[in-house]
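Each remark here refers to the structure printed beneath this line.
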Amino acid sequence: MAASDALLVVIRHAPHSSNLLREGLDAALVAAAFGKPVHLLFMGQGIMALLKEQGSGAPGQKATLPIIDMLEMYDIDKLLVPEETLRTMKIPPDQLVEGVTLLAADEVASIFQQHHQLLSF
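Each residue of the sequence shown is one higher than the last, beginning at 1 in the UniProt record's numbering.
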């Protein structure tokens with residue numbers, strides 16, 4: 001299995017539960033702006049950032065869906081989601097934004113093994 005030179009950014013927090021999701025997306029955008037390939041893995045509550053229909057957060061909180069929509073402009077086109085997470089949270093795949101790749105359980109472990117650089121938020 002070949003190692004990827006891409007940065008793997010793991011997003012585990014919901015859009016409005018803390019600033020961690022926003023910080024993870026910002027880190028991904030900065031890395032991509034400097035030419036680093038970036039892959040995003042959304043796990044647990046993090047998949048809420050990929051919902052087509054998102055509720056608004058607290059006053060003053062910026063929405064994350066516009067950031068998700070512009071990731072492709074930064075050549076971030078690997079949006080990965082474990083199928084198990086969708087099943088656990090009872091979210092059908094068609095409720096997620098376009099371009100999401102669903103991963104089987106054994107593929108998730110492989111993704112971690114393929115990346116030498118990892119940031120977790």
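Cβ coordinates follow ideal geometry from the N, Cα and C atoms, glycine included.
Problem set entry | Assumed close pair Val81, Val97 - CB separation to whole angstroms, cut-off 8 Å | About 10 Å separates the two Cβ atoms, so there is no contact after all.
For this session: In the DSSP assignment, find the unbroken alpha helix (DSSP H) run with Ala32 in it and report its ends.
Result: Leu20 to Ala33
For this session: Check whether the Cβ atoms of Phe121 and Leu20 sit closer than 7 Å, and answer yes or no.
Result: yes
Exercise. Can the beta-carbon of His39 be found less than 7 Å from the beta-carbon of Lys78?
Worked result: yes
Exercise. Can you name the start and end residues of the alpha helix (DSSP H) that Gln45 belongs to?
Worked result: Run containing Gln45: none; DSSP gives neither H nor E here.
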